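Colleague: Counting from 430, one number per residue, gives the positions in the sequence shown under our numbering.
Sharing a structure, written as structure tokens. Questions coming.
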Amino acid sequence: WKGMEYAAPGDFEKPLETGVPARTLKRIAKQLHSLPEDLVFFKKSIKLVEDRAQMIKENRVDWALGELLAYGSLLLENHPVRISGQDSIRGTFSHRHAGMVMEETTEVYFPLKYIDKKQAPFNIYNSPLNEYGVLGFEYGYAMSCPQTLTIWEAQFGDFINVAQVILDQYISSAEEKWGVMNGLVLYLPHGFEGQGPEHSSARIERFLSLAAGCNMHIINPTTPGNLFHALRNHMKKKSRVPLVVFTPKSLLRHPLCVSTVDELETGKFMPVIDDSDNDLDEVRRVVICSGKIYYDLLARKQKLGARDIALVRLDQIFPFPKKEIARILKKYYNNMLTLWVQEEPENMGAWYFIRNALKETEVIPITRQPSGSPATGLFKLHEISQNEIIDKVFRECTCDLLNVYCGLQCMIGSSHTEILNQHYYFEKEKYKTK
430 WKGMEYAAPG
440 DFEKPLETGV
450 PARTLKRIAK
460 QLHSLPEDLV
470 FFKKSIKLVE
480 DRAQMIKENR
490 VDWALGELLA
500 YGSLLLENHP
510 VRISGQDSIR
520 GTFSHRHAGM
530 VMEETTEVYF
540 PLKYIDKKQA
550 PFNIYNSPLN
560 EYGVLGFEYG
570 YAMSCPQTLT
580 IWEAQFGDFI
590 NVAQVILDQY
600 ISSAEEKWGV
610 MNGLVLYLPH
620 GFEGQGPEHS
630 SARIERFLSL
640 AAGCNMHIIN
650 PTTPGNLFHA
660 LRNHMKKKSR
670 VPLVVFTPKS
680 LLRHPLCVST
690 VDELETGKFM
700 PVIDDSDNDL
710 DEVRRVVICS
720 GKIYYDLLAR
730 KQKLGARDIA
740 LVRLDQIFPF
750 PKKEIARILK
760 KYYNNMLTLW
770 VQEEPENMGA
780 WYFIRNALKE
790 TEVIPITRQP
800 SGSPATGLFK
810 LHEISQNEII
820 DKVFRECTCD
830 LLNVYCGLQC
840 MIGSSHTEIL
850 NQHYYFEKEK
860 YKTK
């Protein structure tokens with residue numbers, strides 16, 4: 430821990446430049462898509478590494494490749510990498526494949542162990558189905574090895590509730606109680622995809638209720654490149670705080686959820702990602718969102734050609750990037766409504782936190798109805814409620830203009846009160862301005 434400092438707000442306001450030279454990235458990638466010729470692997474493994482090689486040729490980086498390139502770059506910079514979880518070698522959703530099983534011996538070959546003879550160690554384990562015990566162990570390991578990228582991954586983010594005592598007693602409060610720093614990283618798969626109440630939510634709201642000062646770094650990255658830079662930024666800082674990463678599921682293979690090699694070569698972690706596909710003068714609504722819901726909104730926006738709606742992604746939820754959000758909102762000088770859109774029920778997710786963080790700005794929430802359960806167990810009901818959220822953003826035009834969707838053109842010149850009274854998004858009486 431020599432040379433380490435306690436985290437300060439500036440550590441999160443100005444992320445470090447964390448790009449990696451293209452030559453180094455290609456060297457790591459070559460190792461990832463090369464298997465020893467004297468060993469026999471399953472045909473699926475061979476196809477997988479061929480696909481990875483093709484992605485690099487096409488200047489595309491998906492979630493798994495971005496993640497593995499981040500590990501490889503840190504290994505070459507003398508940062509050991511340790512990952513454990515209930516299905517971490519393959520990845521719960523079969524995306525990572527950090528180890529390749531040999532067909533004849535069932536031994537496992539780990540490409541990241543062999544990038545360079547002088548690299549740091551890479552270790553990844555499939556752990557027992559015991560969140561409380563394993564997370565407690567990894568917290569202790571991270572305390573002993575601050576220069577190691579130590580990651581604990583839940584099979585589904587929902588399962589973190591079994592280890593809630595570790596979150597309450599150590600991860601969120603140890604520094605304030607005992608002056609103890611810790612850089613453990615949590616991977617918590619999160620996203621509403623119709624898989625039921627036990628496989629949808631990592632309980633973002635619970636983490637935010639424990640967040641204060643600089644005790645945790647809570648992110649919900651929406652691109653492989655932003656995850657890449659977040660992991661490198663985490664290890665390159667002089668401070669250590671737990672990094673909570675809400676990771677995707679369906680986005681692991683989403684055709685739009687990709688980055689380029691160039692985006693890894695330069696740049697840094699972006700707490701907020703602005704919308705680059707709009708007509709600035711025409712923007713009447715700014716939609717702030719976080720995580721997978723962005724891609725659902727983007728699909729509808731592209732289908733309708735809605736260039737008067739700006740989709741702003743909040744990839745860092747805590748510490749809340751207030752200055753950056755304020756700068757972006759100021760940029761959209763013709764904005765008439767600011768919306769917060771989330772998949773979670775109103776009483777869950779980040780909405781209550783966002784409401785307090787942006788209390789100077791009137792933000793209208795678009796969420797699922799309040800619920801005691803995180804999600805429905807019926808896929809059809811999930812689809813209906815998911816579509817309702819998107820439909821409320823791109824609502825039907827009911828005025829004489831008869832546009833494809835409501836663009837608020839008929840309300841230009843009206844007061845904010847008039848706009849809110851006529852364009853409610855949830856229960857009318859609940860949000861109606863007097």
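Cβ coordinates follow ideal geometry from the N, Cα and C atoms, glycine included.
Remember, predicted model here, so these are calculated numbers, not experimental data.
Rounded to a whole number of angstroms, what is the C-alpha to C-alpha distance between proline 803 and glutamate 627?
Modeller: The count along the sequence shown starts at 1 and reaches residue 803 at position 374. The count along the sequence shown starts at 1 and reaches residue 627 at position 198. Rounded to whole angstroms, proline 803 to glutamate 627 spans 8 Å at the Cα level.
Colleague: Alpha carbons only, please: which of Lys665, His658, Thr689, Phe621 is nearest the one belonging to glutamate 812?
Modeller: Residue 812 sits at position 383 when you count from the first residue of the sequence shown. Of the candidates Lys665, His658, Thr689, Phe621, the one whose C-alpha sits nearest the C-alpha of glutamate 812 is Phe621.
Colleague: Per DSSP, arginine 511 is paired with what?
Modeller: One-based indexing of the sequence shown puts residue 511 at position 82. BP columns for arginine 511 point to Asn552, Thr579.
Colleague: Contact defined as beta carbons within less than 8 Å: I believe asparagine 662 pairs with leucine 445. What is the distance between those atoms, to the nearest angstrom?
Modeller: On the sequence shown, residue 662 is found 233 positions in, with the first residue counted as 1. On the sequence shown, residue 445 is found 16 positions in, with the first residue counted as 1. Going by Cβ atoms, the distance from asparagine 662 to leucine 445 rounds to 5 Å, so yes, they are a contact pair.
Colleague: Which residue comes first and which comes last in the beta strand (DSSP E) that contains valine 563?
Modeller: The residue labelled residue 563 in the question sits at position 134 within the sequence shown. That residue, valine 563, is in no beta strand (DSSP E); its alpha helix (DSSP H) goes 560 to 573.
Colleague: Under 8 Å, do valine 770 and isoleucine 738 count as touching if we go by C-beta distance?
Modeller: Sequence index remark: in the sequence shown, residue 770 carries index 341 (1-based). Sequence index remark: in the sequence shown, residue 738 carries index 309 (1-based). No; because the gap between Cβ atoms is not below 8 Å, this pair is not in contact.
Colleague: Take every Cβ of the segment 656 to 672, pair it with every Cβ of the segment 603 to 623, and state whether three or more of those distances are shorter than 8 Å.
Modeller: Output reads yes: the segment 603 to 623 touches the segment 656 to 672.
Colleague: With distances taken between CB atoms, is the gap from serine 502 to threonine 453 smaller than 8 Å?
Modeller: What you label residue 502 is simply residue 73 of the sequence shown in a count that begins at 1. What you label residue 453 is simply residue 24 of the sequence shown in a count that begins at 1. Taking 8 Å as the Cβ cut-off, serine 502 and threonine 453 qualify as a contacting pair.
Colleague: Starting from valine 792, follow the beta strand (DSSP E) in both directions and report where the run begins and ends.
Modeller: As a first step, residue 792 is located in the sequence shown; it is residue number 363 there, counting from the start. Valine 792 -> beta strand (DSSP E) spans 792 to 797.
Colleague: Is alanine 592 near tyrosine 561, with beta carbons less than 8 Å apart?
Modeller: Translated into positions along the sequence shown, residue 592 becomes position 163. Translated into positions along the sequence shown, residue 561 becomes position 132. A contact, by the Cβ cut-off of 8 Å.
Colleague: On the CB-based measure, 16 or more other CB atoms within 10 Å of its CB, does lysine 431 come out buried or exposed?
Modeller: In the sequence shown, residue 431 corresponds to position 2, counting from 1. Exposed.
Colleague: Please report the Cβ distance between phenylalanine 747 and isoleucine 647, rounded to the nearest whole angstrom; I am assuming they are in contact, meaning their Cβ atoms lie under 8 Å.
Modeller: By 1-based counting over the sequence shown, the position of residue 747 is 318. By 1-based counting over the sequence shown, the position of residue 647 is 218. Their Cβ separation, rounded to whole angstroms, is 4 Å, which keeps phenylalanine 747 and isoleucine 647 in contact under 8 Å.
Colleague: I'd like to confirm the pairing. Which residues does DSSP put opposite proline 774 in its beta bridges?
Modeller: Reading the sequence shown from its first residue, position 345 is the one you call residue 774. Proline 774 pairs with Arg797.
Colleague: Who does isoleucine 702 pair with in a DSSP beta bridge?
Modeller: Here residue 702 is taken as the residue at index 273 of the sequence shown, counted from 1. Isoleucine 702 is bridged to Arg742.
Colleague: For a test of the three-state rule: what should DSSP assign to threonine 689, helix, strand or coil?
Modeller: The residue you call residue 689 lines up with position 260 of the sequence shown. Coil, per DSSP.
Colleague: Would proline 799 and glutamate 775 be called neighbours here (beta carbons separated by less than 8 Å)?
Modeller: Translated into the one-based positions of the sequence shown, residue 799 becomes position 370. Translated into the one-based positions of the sequence shown, residue 775 becomes position 346. Cβ atoms of proline 799 and glutamate 775: closer than 8 Å.
Colleague: Using a 10 Å radius around the Cβ and a threshold of 16 neighbouring Cβ atoms, would you call glutamate 856 buried or exposed?
Modeller: As a position in the sequence shown, residue 856 is number 427, starting the count at 1. Here the model assigns glutamate 856 a pLDDT of 49, short of 50, so the residue's position is not dependable, and the following value carries that caveat. Answer is exposed; the Cβ neighbour count stays below 16.
Colleague: Let's see if you can read the secondary structure: which residues bound the beta strand (DSSP E) around valine 715?
Modeller: The residue given as residue 715 occupies position 286 in the sequence shown. Looking at the DSSP string, the run of the beta strand (DSSP E) that includes valine 715 is 714 to 718.
Colleague: Looking at leucine 656 and valine 490, is the spacing between their C-beta atoms short of 8 Å?
Modeller: Residue mapping note: residue 490 aligns to position 61 of the sequence shown, counting from 1. Residue mapping note: residue 656 aligns to position 227 of the sequence shown, counting from 1. Going by C-beta atoms, valine 490 is not nearer than 8 Å to leucine 656.
Colleague: For isoleucine 393, name the three-state secondary structure that DSSP assigns.
Modeller: Residue 393 lies beyond the stretch modelled for the chain, which goes from 430 to 863, so this question has no answer here.
Colleague: What's the C-alpha gap between aspartate 467 and lysine 546?
Modeller: For this step, residue 467 is matched to residue 38 along the sequence shown. For this step, residue 546 is matched to residue 117 along the sequence shown. One C-alpha to the other measures close to 20 Å.
Colleague: For histidine 508, which residues from the same chain have a beta carbon less than 8 Å from its beta carbon, with the 5 sequence-adjacent residues on both sides left out?
Modeller: Residue 508 sits at position 79 when you count from the first residue of the sequence shown. Only Ala549, Gln576, Thr577, Leu578, Met664 meet the Cβ criterion.
Colleague: Going straight from the alpha carbon of valine 805 to that of tyrosine 724, what length do you get?
Modeller: Translated into positions along the sequence shown, residue 805 becomes position 376. Translated into positions along the sequence shown, residue 724 becomes position 295. Rather than valine, the amino acid found at residue 805 in this sequence is threonine. Roughly 21 Å separates the two Cα atoms.
Colleague: From the DSSP output, in three-state form, read off glutamate 847 for me.
Modeller: Here residue 847 is taken as the residue at index 418 of the sequence shown, counted from 1. The answer is helix: DSSP assigns glutamate 847 an H, G or I state.
Colleague: For the putative contact between alanine 779 and lysine 751, defined by C-beta atoms under 8 Å, what is the C-beta separation to the nearest angstrom?
Modeller: In the sequence shown, counting from the first residue as 1, residue 779 sits at position 350. In the sequence shown, counting from the first residue as 1, residue 751 sits at position 322. Incorrect: roughly 14 Å between the Cβ atoms, too far for contact.
Colleague: Using the Cα positions of valine 377 and lysine 730, report the straight-line distance between them to the nearest angstrom.
Modeller: As shown, the chain starts at 430 and ends at 863. That puts residue 377 outside it, with no answer to give.
Colleague: By Cβ distance, which residues of its chain are closer than 6 Å to phenylalanine 636, with the 5 residues on each side in sequence left out?
Modeller: For the purposes of this step, residue 636 is identified with residue 207 of the sequence shown, where counting begins at 1. The residues are Ile647, Val673.
Colleague: Consult DSSP for isoleucine 754 and reduce its assignment to one of helix, strand or coil.
Modeller: The count along the sequence shown starts at 1 and reaches residue 754 at position 325. The answer is helix: DSSP assigns isoleucine 754 an H, G or I state.
Colleague: What does the Cβ neighbour count give for phenylalanine 539, buried or exposed, with the cut at 16 atoms within 10 Å?
Modeller: Against the sequence shown, residue 539 aligns to sequence position 110. The residue in question, phenylalanine 539, is exposed, as its Cβ has fewer than 16 Cβ neighbours within 10 Å.
Colleague: In the DSSP assignment, the beta strand (DSSP E) including histidine 646 goes from what residue to what residue?
Modeller: Reading the sequence shown from its first residue, position 217 is the one you call residue 646. Residues 646 to 648.
Colleague: Evaluate tyrosine 600 with the Cβ neighbour count: other Cβ atoms within 10 Å of its Cβ, from every protein chain shown; 16 or more gives buried, anything less gives exposed.
Modeller: Translated into positions along the sequence shown, residue 600 becomes position 171. The question names tyrosine, yet the displayed sequence has isoleucine at residue 600. Buried.
Colleague: Measure the alpha-carbon distance for phenylalanine 749 versus arginine 456 and round it to whole angstroms.
Modeller: Walking along the sequence shown from the start, residue 749 turns up at place 320. Walking along the sequence shown from the start, residue 456 turns up at place 27. Distance between the alpha carbons of phenylalanine 749 and arginine 456 is about 36 Å.
Colleague: Taking DSSP's pairing of strands, which residues face threonine 447 in a bridge?
Modeller: In the sequence shown, counting from the first residue as 1, residue 447 sits at position 18. Beta-bridge pairing links threonine 447 to no other residue.
Colleague: If you check the beta carbons only, do arginine 714 and leucine 766 fall under 8 Å apart?
Modeller: Taking the first residue of the sequence shown as 1, we reach residue 714 at position 285. Taking the first residue of the sequence shown as 1, we reach residue 766 at position 337. Yes, they are a contact pair.
Colleague: Rounded C-beta distance between alanine 527 and isoleucine 553? I'm assuming under 8 Å.
Modeller: Residue numbering aside, residue 527 sits at position 98 when the sequence shown is read from its first letter. Residue numbering aside, residue 553 sits at position 124 when the sequence shown is read from its first letter. Right, their Cβ atoms sit about 5 Å apart.
Colleague: Do glycine 586 and histidine 619 have their C-beta atoms within less than 8 Å of each other?
Modeller: Mapped onto the sequence shown, residue 586 falls at position 157. Mapped onto the sequence shown, residue 619 falls at position 190. Contact: yes.
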